[in-house]
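Line order of the protein sequences matches chains A and B.
For the first sequence, the working numbering assigns the number 33 to the initial residue and increments by one for each residue that follows.
For the second sequence, the working numbering assigns the number -1 to the initial residue and increments by one for each residue that follows.
I have placed the structure first, in the form of structure tokens, so that the comments after it can refer back to it.
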Amino acid sequence: MLNFISENKNRIILALLFFAAFLILILRLDQYLEFNPDGQLLSAKINDFLTTFRSIFIQAIPFVLFGTVISRIVTVFVKEELLLKLIPKNRVLSHFVISFFGVLMPVCECGNVPVARSFILKGFKVSHVFTFLLAAPIINPVTLFATWEAFQDPIILIARVVGAFFIANFIGILLSFKKDDKEFLTNEFYEEVCHVHDYEPERQKLKEFLNIFQREFILVIEMLVIGGIIASLSQTFIPREIILSIGSNPIFSIIAMILFSFVISVCSSVDSFIVLPYTSTFTSGSIVSYLLFGPMIDIKILTLMKTTFRNRILIIVTILVTLFSILFGLLTNYLL
Amino acid sequence: MRKLYSFFTIVLIGLYIGYLYLDVRRIYIYTTDRYFYTILISGAVLVLFGLVGIFIFLKQKNELNTFFQNLKGVFTDGKLALILFLSLLGFLTSQVFLLLAAFVSLVHFKNSFFEVILDKNIFRPALLVTVVILGVILPSGQISSATADQRIGNFNTVALDSNVKSINSFNTNTKNYNIGDWIVSLSYNPDLNYYKGKEVGVTGFVFVPDNLPENIFILGRFVIRCCAADATPVGLRVKYDWRDEFKQDQWLRVTGKFDIANINGIEELIIVPDKIEETEIPDRPYIN
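Here's what the structure looks like:
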């Protein structure tokens, strides 16, 4: 059964699309699509869904572009060996330094996992790598710039930086007390260690750049589109009473936002824009939780990390990140 | 092959942004002045990168050949033609044909080129292409009363950048105040008696939440901080029997004087209009 689904995935998607169209027509859901007398505006709800989604899409494009290009340029200049030299010997200090590596290599979190793998190969400790994985998607210029542009609210920006710094270092330092940290890694990882990277010749720099650019850009834009559609659909069509009662509750709003960020798995450079439709109805603490949790843990990152780290460590990290994100959300809600 | 679709999609997204800029009013539906050039330049860069990518890609001869073979395959394929035919019938005559189309898309056809596409993962670039194409054929207007209704909990709770300007010039010239300026003034000086009798002339759209009395409507605007996604509704109440003349979301220019009225047991500021006229949607529909 599972085999059949995975082999015929696209056929099933296509069939489901037709079935959805059938249901929409049968249930007369298309009355939403009636045009107003002036022929301009679609039905108010459909119109607002489309406008909200498109404004997220258009607003985020400069940041996706900026992020992808910057990360490509930086990886040319900053080599991992150089970073390894920067790390001090002290347990706490070394984690502090690593949590700022994102400034030197602003890559989206999906690009961070391969970087983290090569860190391990170059001799980084697993605890260091986790600090990097958790901090780098948030503490980097592109993400912080996008966060500022989206919210223009110093409290949210500061909460995001401080929260990410604290969570990444706490978890990293905690893990560093484990003596034999190879236990954290999967067997598959050791098999792949032997894999040798082949480097492209120098004269194909432009081609290589464009290749990586199109892959990363399309990847981020896809997640942006899916996340943006979910966000604007839910915000427009879920009844107001439900949104208001969840959004104004200091605890439920946080839990809802954490679940939301877990599902949509959007890259940290643009996740601020996805949550914009909710900023006026949800507590600011829940927005902070979303901004902290999303870049650290979501479906996409967990699938990527599963190839490198054992399930046990991933569960521990997920629980810790969840608890701390909730904590920071509650702090924002009750203190500010 | 996948690469070609990706570069094509990148060009298409860039062109879509260019299309939005053909009419300046169109881009202000989605974003603000601050990002006007940033987004335009991004679109241009995307077109440039995408075109260079396609150019480099097509220079490899065999890729070009497979591309044209695939193109030919799409147009001469039985399964694809059948599905398109069934879906056309489904939308025009009976919906049952859509069920048939769903069934046909599940069935394996031998020697069908469409099967090759279905086995490859090109649905993801196709998603983006659909979004962009729908963006052109399904234009959307500015955020409307539906969202104002969704966000009624935050009605008139907004801090505008222009608040300092408003407060300083408050006594001198209130005639050019827009709805946002009035709301900022109100949050600084909530004493309603202060406003009573002041002249007011504002533009906005008709917005009627369910708990308003019959002869009152709200003249609303949206305040946006970053882009249209975070629009917060603001508005002033207008005392006028509007139901026969106007409808929700219609844009009006209201001139008159402020008065105080008791609405649902709460003292509220209300405009008693001298004149109400229909008006064009302003070039910048939101306040920021």
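Every residue, glycine too, gets a C-beta built ideally from N, C-alpha and C.
Residues bridged to residue i [DSSP beta-bridge criterion]
i         : result
Trp180(A) : In DSSP, Trp180(A) forms no bridge with anything.
Pro271(B) : Gly254(B)
Ala259(B) : Glu266(B)
Trp287(B) : Because chain B here runs from -1 to 286, residue 287(B) falls outside it and cannot be looked at.
Cys225(B) : Thr29(B)
Glu276(B) : Leu250(B)
Tyr284(B) : Phe220(B)
Phe107(B) : The partner list for Phe107(B) (beta bridge, DSSP) is empty, contrary to what the question assumes.
Lys214(A) : According to DSSP, which records beta bridges pairwise, Lys214(A) is partnered with nothing at all.
Val236(B) : Phe215(B), Ile269(B)
Val198(B) : Gly254(B)
Pro231(B) : Phe220(B)
Phe133(A) : In DSSP, Phe133(A) forms no bridge with anything.
Phe341(A) : Leu217(A)
Identity of the residue in the options nearest residue i by Cα
i         : options                                    : result
Phe205(B) : Leu69(B), Leu18(B), Lys1(B), Trp249(B)     : Trp249(B)
Gly195(B) : Asp147(B), Thr253(B), Phe215(B)            : Thr253(B)
Glu212(B) : Asp242(B), Arg223(B), Gln67(B)             : Asp242(B)
Pro173(A) : Gly259(A), Ala182(A), Leu136(A), Met328(A) : Leu136(A)
Ser280(A) : Gly88(B), Thr64(B), Arg149(B)              : Arg149(B)
Ile329(A) : Ile347(A), Thr315(A), Gly317(A), Phe314(A) : Ile347(A)
Glu273(A) : Asn187(B), Gly151(B), Tyr238(B), Val72(B)  : Gly151(B)
His160(A) : Arg43(A), Leu116(A), Ala52(A)              : Leu116(A)
Phe177(A) : Ser304(A), Ile37(A), Ser357(A), Asn122(A)  : Ser304(A)
Val134(B) : Arg86(A), Val145(A), Phe109(A), Leu359(A)  : Arg86(A)
Ser208(A) : Trp180(A), Asn122(A), Ala167(A), Ala263(A) : Asn122(A)
Leu323(A) : Ser131(A), Ile205(A), Arg192(A)            : Arg192(A)
Phe50(A)  : Leu104(B), Thr64(B), Val22(B), Ala79(B)    : Leu104(B)
Val183(B) : Gly202(B), Val156(B), Asp208(B), Asn209(B) : Contrary to the premise, residue 183(B) reads as Ser rather than Val in this sequence. When only C-alpha atoms are compared, the closest one is Val156(B).
Asn154(B) : Gly233(B), Leu136(B), Arg251(B), Pro137(B) : Gly233(B)
Ala47(A)  : Gln67(B), Glu276(B), Glu197(B), Ser85(B)   : Ser85(B)
Leu363(A) : Tyr310(A), Ile286(A), Phe341(A), Phe294(A) : Ile286(A)
Ile262(A) : Asn79(A), Val295(A), Ala53(A)              : Val295(A)
Ala229(B) : Phe197(A), Ile88(A), Ile188(A), Lys41(A)   : Ile88(A)
Phe356(A) : Phe81(A), Asn144(A), Ser321(A), Ile171(A)  : Ser321(A)
Pro282(A) : Asn365(A), Ile306(A), Leu242(A), Lys210(A) : Asn365(A)
Ile214(B) : Asp281(B), Val198(B), Trp240(B), Phe203(B) : Trp240(B)
Phe112(A) : Lys154(A), Phe81(A), Pro120(A), Phe95(A)   : The sequence given here places Glu at residue 112(A); Phe does not occur at that position. Checked all of Lys154(A), Phe81(A), Pro120(A), Phe95(A); the closest Cα to Glu112(A) is Lys154(A).
Lys338(A) : Thr179(A), Leu217(A), Leu118(A)            : Leu217(A)
Arg247(A) : Tyr193(B), Phe244(B), Phe47(B)             : Phe47(B)
Phe65(B)  : Val43(B), Tyr3(B), Ile181(B)               : Tyr3(B)
Phe111(B) : Phe95(B), Ala226(B), Glu265(B), Gln67(B)   : Gln67(B)
Ile119(A) : Phe109(A), Pro146(A), Phe156(A), Ile93(A)  : Phe156(A)
Arg32(B)  : Asn40(A), Pro94(A), Ile56(A)               : Pro94(A)
Leu44(B)  : Gly12(B), Tyr19(B), Leu20(B)               : Gly12(B)
### Task
Note down, in chain order, all residues in the region 309 to 340 of chain A with a beta-carbon under 7 Å from any beta-carbon belonging to chain B.
Pro309, Thr311, Ser312, Thr313
### Task
Could you run through the region 140 to 152 of chain B and flag, in chain order, every residue whose CB is less than 8 Å away from some CB of chain A?
Gln140, Ile141, Ser142, Ser143, Ala144, Thr145, Asp147, Gln148, Arg149, Ile150, Gly151, Asn152
### Message
Beta carbons nearer than 7 Å to chain B: which residues of the region 77 to 102 of chain A have them?
### Response
Lys77, Asn79, Asp80, Leu82, Thr83, Thr84, Arg86, Ser87, Ile88, Ile90, Gln91, Ile93, Pro94, Leu97
### Cβ pair count under 8 Å reaching 3, the region 137 to 155 of chain B against the region 220 to 230 of chain B
yes
### Under 9 Å (Cβ pairs) to chain A, residues found in the region 39 to 53 of chain B
Ile39, Ser40, Gly41, Val43, Leu44, Phe47, Gly48, Val50, Gly51
### Message
For a minimum of 4 consecutive residues, which ranges assigned as the alpha helix (DSSP H) are wholly contained in the region 164 to 211 of chain A?
### Response
173 to 183, 186 to 208
### the region 261 to 278 of chain B contacting the region 114 to 129 of chain A, beta-carbon criterion three pairs below 8 Å
no
### Task
Would you list, in chain order, the members of the region 45 to 56 of chain A that have their beta-carbon closer than 7 Å to a beta-carbon of chain B?
Ile45, Leu46, Ala47, Phe50, Phe51, Ala53, Phe54
### Message
For the region 253 to 261 of chain A against the region 293 to 307 of chain A, do three or more pairs of beta-carbon atoms, one drawn from each stretch, fall closer than 8 Å, so that the two count as touching?
### Response
yes
### Task
Would you list, in sequence order, the uninterrupted beta strand (DSSP E) runs of no fewer than 3 residues that lie entirely inside the region 34 to 93 of chain B?
none
#### Entry: Three CB pairs or more closer than 8 Å across the region 278 to 294 of chain A and the region 102 to 109 of chain A
no
### Message
Closer than 8 Å is the cut-off here; do at least three beta carbon pairs connect the region 28 to 45 of chain B with the region 65 to 78 of chain B?
### Response
no
### Query
In the region 112 to 130 of chain A, which residues sit with their C-beta less than 8 Å from some C-beta in chain B, listed in chain order?
none
### Message
Measuring CB atoms only, is the region 49 to 56 of chain B touching the region -1 to 12 of chain B, in the sense that at least three cross pairs come out at less than 8 Å?
### Response
yes
### the region 310 to 325 of chain A / the region 14 to 30 of chain B touching (three or more Cβ pairs under 8 Å)
no
#### Entry: Residues of the region 172 to 188 of chain A whose Cβ lies closer than 8 Å to any Cβ of chain B, in chain order
Glu181, Ala182, Phe183, Gln184
### Task
Specify whether the region 186 to 205 of chain A and the region 152 to 167 of chain A touch according to this definition: at least 3 beta carbon pairs, one from each stretch, less than 8 Å apart.
yes
### Message
Beta carbons nearer than 9 Å to chain A: which residues of the region 225 to 243 of chain B have them?
### Response
Cys225, Ala226, Ala227, Asp228, Ala229, Thr230, Pro231
### Within 9 Å of chain A by C-beta, residues of the region 71 to 90 of chain B in sequence order
Ile81, Leu84, Ser85, Gly88, Phe89
### Task
Output, in sequence order along the chain, the residues in the region 246 to 269 of chain B whose CB is closer than 7 Å to any CB in chain A.
Asp247
### Within 9 Å of chain A by C-beta, residues of the region 122 to 135 of chain B in sequence order
Arg122, Pro123, Leu125, Leu126, Val129, Leu132, Gly133
### alpha helix (DSSP H) runs wholly inside the region 274 to 308 of chain A, at least 4 long, in chain order
284 to 296, 303 to 306
### Task
Quick one: which residues of the region 173 to 204 of chain B get their C-beta closer than 7 Å to a C-beta of chain A? List them in chain order.
none
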